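One structure is given here, and the rest of the page talks about it.
Number of protein chains: 2
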Amino acid sequence: MRPYDERLEHLLAQAAKVFAEAGYHSTSMRDLAAASGMSLAGMYYYVRSKEDLLALIQERCFTAVFDGARSALDGHSDPQDRLEAFIRHHVTFFTAHMSEMKVLSHESSVLSGDLRRKVNHIKRRYVDLLETLLKDAAPDERPVDRSAAAYALFGMMNWIYNWYDPAGEIDPERLAGLIARIFLGGFVEARSTVHGG
Amino acid sequence: MRPYDERLEHLLAQAAKVFAEAGYHSTSMRDLAAASGMSLAGMYYYVRSKEDLLALIQERCFTAVFDGARSALDGHSDPQDRLEAFIRHHVTFFTAHMSEMKVLSHESSVLSGDLRRKVNHIKRRYVDLLETLLKDAAPDERPVDRSAAAYALFGMMNWIYNWYDPAGEIDPERLAGLIARIFLGGFVEARSTVHGG
DNA sequence: GTTTGATTTTCGAACGATCGTTCGAACCCT
DNA sequence: AGGGTTCGAACGATCGTTCGAAAATCAAAC
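Chains as they are written, first to last, in my numbering: chain L, 1 to 197; chain Z, 1001 to 1197.
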């Protein structure tokens, strides 16, 4: 059963790459066959449909980023440190898995039915995780502002696929630090440091 | 010639709405015909192709947001005020023209050839405008950080279409103020106020 | 105010192309 | 020999676009 899993992983990885470059809808199953080295019909031995293929990519990627975030929080007890650890993990994970994360961010409204419900469930938990961190780090903010701030932060982080060049001047760690600085400095510390102390 | 222009505007507005809801690639010309009240063939009297239709929407919207930004800067001379005015204008414009701005943000890689070049030219000028504002507001930052910060800001602002509900609790002005606060507080004031004063 | 003719605008019908998916036979490995 | 794996070929559906003719609009002539 090992070669089966390897072939599936290979297919998902190549598909994520092509989806990221050309977009889900303008990528044909024939394109994926060419990119993965399989035949058109052969892919259907590993995957139920094109939509199922996308769901598998999104589901695995979202689970990985969620689990990674939880373990990245280990060892941090200060609310602000935990929030910064979350941001740094998300950004570095994003830059390290650009194709999958672009597919996750950019094709989030494609799925329907049960596949959509399954992915949305992980997304919900991930958003809830950030909202909890925000509640601890900025307890005095109004809930509606905290919620909007969470999405603003996700915007900064998930927009990366639109412009970031891994071969460019700024490395992932520095980018993560910059985004953490902007958000913590602008949303968290602005209250607790400037106004409160 | 007036009825012609009105019909074209109507088509573009309806198309933007459908593109925003379903995405460019999964919207058929037949869908647009149904939404605009025209016949399938009738639309081609106003538009050369489906891609031309998308380009018209993006071009008009980008020009509007660019011109609006320039005039929003009038009357502000302080660099920080100018940056805040830019942010407030972008966010309020975005929430007021959600469909067109979503199409602009989400379908930015669809066009090709001359159509793509034309839209990218306006985009370049708009990004340059923000980078200039940033240079004045945060002159001590390293250019690579300033550039990344500009994209982080665009991320916060352009991600709006993924979550913002105009009928929800937070109104556009408050959202604009929140994003301005996060960015100015985290990127600009963190240097000039905390470190410098 | 009606008729006429030219121009603008609309659209039913059809084209070729491409899409996701399926089927059954062939292949490979043990 | 037998089950896991591959794939050529074809299916029906839908896509963007085109064409030629009908319909609507308008201006000038009577």
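Glycine residues also receive a C-beta, built at the ideal position from the N, C-alpha and C atoms. Nothing here was measured: the structure is a model prediction, and the numbers come from that model.
- Within the model, the alpha-carbon separation for L:R88 versus Z:G1186 is close to 16 Å.
- Excluding its 5 nearest sequence neighbours in each direction, Z:T1092 has C-beta neighbours in its own chain below 6 Å: P1172, A1176, listed in chain order.
- Using a CB distance cut-off of 8 Å, Z:S1026 counts as an interface residue toward chain L.
- Using beta-carbon distances, Z:V1144 counts as an interface residue toward chain L, with a partner under 8 Å.
- Between the stretch 127-145 of chain L and the stretch 45-54 of chain L there are fewer than three C-beta pairs closer than 8 Å, too few to call the two in contact.
- Residues of chain L with a Cβ closer than 8 Å to the Cβ of Z:Y1126 do not exist, since the nearest Cβ in that chain sits about 13 Å away.
- Here L:E9 is exposed. Its C-beta has fewer than 16 other C-beta atoms within 10 Å.
- Taking a C-beta cut-off of 8 Å against chain Z, none of the residues of the stretch 43-72 of chain L qualify.
- In the DSSP annotation of this structure, L:S109 is not part of any alpha helix (DSSP H), being labelled neither H nor E.
- The beta carbons of L:M156 and Z:A1152 sit closer together than 8 Å.
- A Cβ-Cβ contact shorter than 8 Å links L:E100 with L:I57.
- Within chain Z, the residues G1155, W1159, N1162 have their CB atoms less than 9 Å from the CB of L:N158, given in chain order.
- With respect to L:F86, L:A69 sits close: the two C-beta atoms are nearer than 8 Å.
- Just so you know, the alpha carbons of Z:G1113 and L:M29 end up roughly 25 Å apart.
- Apart from the 5 residues on each side of it in sequence, Z:E1107 sits with its Cβ closer than 6 Å to the Cβ of Y1024 in its chain, given in chain order.
- Along the stretch 1078-1089 of chain Z, none of the residues has a CB nearer than 9 Å to a CB of chain L.
- The contact set of Z:R1116 on chain L, defined by CB atoms closer than 7 Å, is empty, because the minimum CB distance reaches about 14 Å.
- Runs of the alpha helix (DSSP H) lying entirely within the stretch 23-56 of chain L, each at least 4 residues long, are 29-36 in chain order.
- Contacts between L:I122 and chain Z, judged by CB atoms closer than 7 Å, are missing: the closest CB pair is about 16 Å apart.
- Here the C-alpha atom of Z:F1094 lies approximately 28 Å from the C-alpha atom of L:I122.
- Of the residues assessed, Z:S1071 falls on the exposed side of the cut-off, its CB having fewer than 16 other CB atoms within 10 angstroms.
- Excluding its 5 nearest sequence neighbours in each direction, L:E84 has C-beta neighbours in its own chain below 7 Å: A180, L184, listed in chain order.
- In this structure, the alpha-carbon of Z:Y1161 lies about 33 Å from that of L:H76.
- The C-beta of L:R146 has 16 or more other C-beta atoms within 10 Å across all chains shown, which makes the residue buried.
- For the 8 Å CB-CB criterion, L:V18 and L:L32 form a contact.
- Taking 8 Å as the upper bound for CB-CB distance, Z:L1130 and Z:A1148 are not in contact here, some 12 Å apart.
- Look at the stretch 4-23 of chain L: the residues with a C-beta under 8 Å from a C-beta of chain Z are G23.
- Straight through space, the alpha carbons of L:S36 and L:Q14 are spaced by roughly 6 Å.
- Counting only residues of its own chain and dropping the five nearest sequence neighbours on each side, Z:G1042 has a CB closer than 8 Å to the CB of A1033.
- When rounded, the separation of the alpha-carbon atoms in L:I170 and L:K118 is 35 Å.
- When the beta-carbon positions are compared, L:L104 and L:F62 come within less than 8 Å of each other.
- For Z:T1027, the CB contacts under 7 Å within the same chain, skipping 5 residues up- and downstream, are V1018, F1019 in chain order.
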